[in-house]
Amino acid sequence: MAGKFNYELRNKYPHLIGEDTAVWERFVLKFPDRFNTVDYDVHVGSGIEPLDGIESNIVDQWRDLTRKRIDVIGWNRDFATIIEVKKRVGLPALGQILGYRFLYRREHSGIFLKPPLIICGQIAQDDIDVLDYFGILHEAV
Numbered sequence: 081m082a083g084k085f086n087y088e089l090r091n092k093y094p095h096l097i098g099e100d101t102a103v104w105e106r107f108v109l110k111f112p113d114r115f116n117t118v119d120y121d122v123h124v125g126s127g128i129e130p131l132d133g134i135e136s137n138i139v140d141q142w143r144d145l146t147r148k149r150i151d152v153i154g155w156n157r158d159f160a161t162i163i164e165v166k167k168r169v170g171l172p173a174l175g176q177i178l179g180y181r182f183l184y185r186r187e188h189s190g191i192f193l194k195p196p197l198i199i200c201g202q203i204a205q206d207d208i209d210v211l212d213y214f215g216i217l218h219e220a221v
């Protein structure tokens, strides 16, 4: 399977904004052959059911807006890597990437997932230790 976008620098990246964009671009420049293709802003999960009284034409939009969003999925042939991009890593990033992996696997059981990856600008030793314990790859750029 292949992603929608070539793995390369772009003018804009769906879902990535501000400092996350700079972190992602440093990663792409440092590891130009890491992936073949990528997907950005990959929605997983079912979202939140709207409250009673919401107009029917807004219900699907509401569900879509409340779904979880994976920053990037990197592809090498048929192997996928779920990627979270952060300026600074903290424990919330661990919860995000574990949740994304669970939801993606539930929805795409036929895709082989490599260990997830957190790309960051800064990371503390405590966070490195926790990510290593849970088998989450990390790269500070």
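Quick note on numbering: the sequence shown equals residues 81 to 221 in this note's numbering. Built from N, CA and C at the ideal position, the CB exists for glycine as well.
According to the DSSP assignment, Y184 belongs to the alpha helix (DSSP H) that extends over L171 to E187. A direct Cα-Cα distance of roughly 8 Å separates P112 from Y87. In the DSSP assignment, H218 forms a beta bridge with I198. Around the CB of Y213, fewer than 16 other CB atoms lie within 10 Å, so the residue is classed as exposed. When V221, V108, L96 and T101 are compared, the shortest CA-CA separation from V122 is found for L96.
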